[in-house]
């Protein structure tokens, strides 16, 4: 008997509290009539962790772009929320969920790396929120299994292009015949870049003599590098982010490997090991030495505010934010579907990193530059058009 | 042949670093029958303190290692006092779960901004690398340093365990806590010191690891910790020579797999060896089958 009455009591309490909640909802707190409407934008970037310099650059440029707009776009006041994904895919999903469900953002700028942006794109596509990634270069960000995720865009070129450019450069400019490749088997960015590099390098008559995988947590590369040292390849392709690349590069030189190092835009950081990576080349989105006036203006503006030359990540983040603001203005609405349509219809947008028009997959069509690490600085080498 | 020898040296370097961590696991297990999963995190703290020592505090590196050892010994004893001692007479699974909790707590706590921060740090080696070529095989002074340190640590540990009063107390404890107490052994103090010594060894391992593979971050302890634990089990947990042997086998297995088969399989093969040994000889390679104590 006692047990039954306990259950009854519990049920009563539950029902009672439910009625209170329902009462509150129905009671009708007066709908606030805001004089000026507010649009919320989210930024997701790795502000800490293994690629934190990427996150810092992106955040700086994002804030600069918003500031320039006077915190206003069309009839809306801009309010933004910044979230840190630490370059961990699960964390990226968590913060994207939070931005969408709790902060109710209309659009998200981010994230920076492909391995974080791909899961974010799934979440945002399902929720119908616009995402523009400044820098995620893997094709799967906007298209998966042949299906276009129509809320997702980016401001950078994609890995097939970048990998191909690196392979062509190795063959034509460096005269390389053989290449060795090391890649992170758990990272979409490095796998993609490796695949496209290999394809183009072999198609151009080169030979890939070693293709070695490692895990993100690995720090000991001695076995693999000793093997590669025996094979004496002309180039060592390292398509990872600056931290890992620096560690591998250092150990490679320790093992007596003399090959030219080659990589992708993940190298673009002031924290790369300048000594170990000296003489290496990498593909990138822009060079501050580009003579176009909009580049000069941008470099001056950024340097004046943050005291350092903007890297490609900052530049792309600035372009991505500007693109998003332009789309919101054009849409005249904070409805994500309207912003998406406005974004897709943008053509010939004059961005710092070049003129941007989207192809049917939400990827901009633009050129790449090749930079060299030399004497503690990045030197502009050449521009490659698509 | 030179290629093979060079790979053997690579494996030796990795195995010896594992050995330094595995010794701590095995000592603690031998005495309190507890797998101290927080050991990998002590290793991480050791690496960071060493790094701060020779970069931020401008210490000569041997002093930095000493400071790391002292700080980690204190940390090890604190962990024992706060997390394990209250659970000493609780079912063993409780202490095991507490150990996993402590491990995650330390890694996440240290990654907070006011502690070490979540960023990767590049370690500038505190001395110039020197390479010697002996018959086509290259050996570096870092490898030599690791080798010498591990040998000294191992000899020191053997001396401690078999020649000192503390060692005698530790060995007595490893048989039976209650009898040891009746014989006048201070159980709490001995266990505390065991944790301290194990942690100091992990600190040396951490600093050497940071010098050999010059990049550190707050979650770096997890993988080497797991590998060293595996090594200790492989050799026969509770036995000091067993930890040493297990670590050397793990190091060679990993490097040889990467060198001659595929780098993708390295962890898989290393752990397969563990499973195989446990299936054939559950007490580990050097372990003796003991009758269950009542």
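Chains as they are written, first to last, in UniProt numbering: chain A, 1 to 386; chain B, 1 to 294.
Cβ coordinates follow ideal geometry from the N, Cα and C atoms, glycine included.
Practice problem: Tell whether a beta-carbon distance below 7 Å holds between residue 214/A and residue 159/A. | Solution: no
Quiz item: Checking contacts by CB at 7 Å: is residue 210/B closer than that to chain A?
Solution: no
Exercise. Return the CA-CA distance between residue 46/B and residue 56/B, expressed in angstroms with no decimal places.
Key: 15 Å
Quiz item: Does any residue of chain A bring its CB to less than 7 Å from the CB of residue 5/B?
Solution: no
Exercise. For the alpha helix (DSSP H) holding residue 297/A, just list the boundary residues, first then last.
Key: 293 to 306
Quiz item: At a CB-CB cut-off below 7 Å, which residues of chain B make contact with residue 219/A?
Solution: 213, 215
Quiz item: What's the gap between the Cα of residue 122/A and the Cα of residue 141/A?
Solution: 9 Å
Quiz item: So, are the CB atoms of residue 217/A and residue 223/B less than 7 Å apart?
Solution: yes
Practice problem: Quick one: grab the DSSP three-state call for residue 25/A. | Solution: Only weak support is given to the placement of residue 25/A: the predicted model assigns it a pLDDT of 41, under 50, and the value that follows is read from those uncertain coordinates. Correct three-state label for residue 25/A: helix.
Quiz prompt | Neighbourhood of residue 11/B by C-beta, 6 Å cutoff - its chain only, sequence neighbours within 5 removed | solution = 251, 252, 255
Quiz item: residue 115/B to residue 41/B, Cα distance in whole Å?
Solution: 14 Å
Practice problem: Would you mind giving the Cβ-Cβ distance between residue 112/A and residue 135/A, rounded to the nearest angstrom? I have them listed as a contact below 8 Å. | Solution: 5 Å
Quiz item: Below 8 Å, can you find three or more Cβ-Cβ pairs linking the stretch 17 to 25 of chain B to the stretch 199 to 213 of chain B?
Solution: yes
Quiz item: Considering only C-alpha positions, which residue in the set 208/A, 244/A, 256/A, 357/A is nearest to residue 267/A?
Solution: 244/A
Quiz item: In whole angstroms, what is the alpha-carbon distance linking residue 188/B and residue 174/B?
Solution: 13 Å
Exercise. Give, in chain order, every residue of the stretch 111 to 130 of chain B whose Cβ lies closer than 9 Å to some Cβ of chain A.
Key: 111, 113, 117, 118, 119, 120, 122, 129
Quiz item: Is any beta-carbon of chain B found at less than 7 Å from that of residue 222/A?
Solution: yes
Quiz item: What number of angstroms, rounded off, separates the C-alpha of residue 26/A from the C-alpha of residue 100/A?
Solution: With a pLDDT of 40 at residue 26/A, under the threshold of 50, the modelled position of that residue is not reliable, and the figure given next carries that caveat. Straight-line Cα distance between these residues: approximately 25 Å.
Quiz item: If you pair each beta-carbon of the stretch 62 to 70 of chain A with each one of the stretch 315 to 330 of chain A, do three or more pairs fall below 8 Å?
Solution: yes
Quiz item: If you measure from the beta carbon of residue 263/B to each beta carbon in chain A, is any gap under 7 Å?
Solution: yes
Quiz item: To which residues of the same chain is residue 153/A closer than 6 Å at the C-beta, ignoring the five residues directly before and after it?
Solution: 132, 343, 362
Quiz item: Can you find a C-beta in chain B that's less than 7 Å from the C-beta of residue 238/A?
Solution: no
Quiz item: Taking the Cβ atom as the reference point for each residue, do residue 354/A and residue 118/B lie within a distance shorter than 7 Å?
Solution: no
Quiz item: Along the stretch 47 to 75 of chain A, what residues have a CB closer than 8 Å to any CB found in chain B?
Solution: 48, 49, 50, 52
Quiz prompt | Span of the alpha helix (DSSP H) around residue 110/A | solution = Looking at the DSSP string, residue 110/A is not in any alpha helix (DSSP H); the run it does join, the beta strand (DSSP E), is 107 to 110.
Quiz item: Cβ atoms of residue 166/A and residue 43/A: under 7 Å apart, would you say?
Solution: no
Quiz item: Quick one, which residues of the stretch 80 to 103 of chain B are near chain A if we go by CB-CB under 8 Å, in chain order?
Solution: none
Exercise. Would you mind working out which of 33/B, 8/B, 3/B sits nearest residue 233/B, comparing C-alpha positions?
Key: 33/B
Quiz item: So, helix, strand or coil for residue 263/A, using DSSP?
Solution: strand
Quiz prompt | Under 8 Å by beta carbon: chain A residues contacting residue 200/B | solution = The contacting residues do not exist; residue 200/B stays about 22 Å from chain A at best.
Quiz item: Of all Cβ atoms in chain A, is any one closer than 7 Å to the Cβ of residue 255/B?
Solution: yes
Quiz item: I think residue 40/A touches residue 85/A, with their Cβ atoms under 8 Å apart; what is that distance to the nearest whole Å?
Solution: Contact doesn't hold; Cβ gap of about 18 Å is too wide.
Quiz prompt | Neighbour list for residue 10/B in chain A, Cβ cutoff strictly below 7 Å | solution = 222, 223, 226
Quiz item: So what does residue 42/A bridge to, in DSSP terms?
Solution: 81/A, 108/A
Self-check item: Residue nearest to residue 186/A in terms of C-alpha spacing, selected from 382/A, 240/A, 199/A
Solution: 240/A
Quiz prompt | Residue burial classification, residue 177/B (beta-carbon count within 10 angstroms, cutoff 16) | solution = buried
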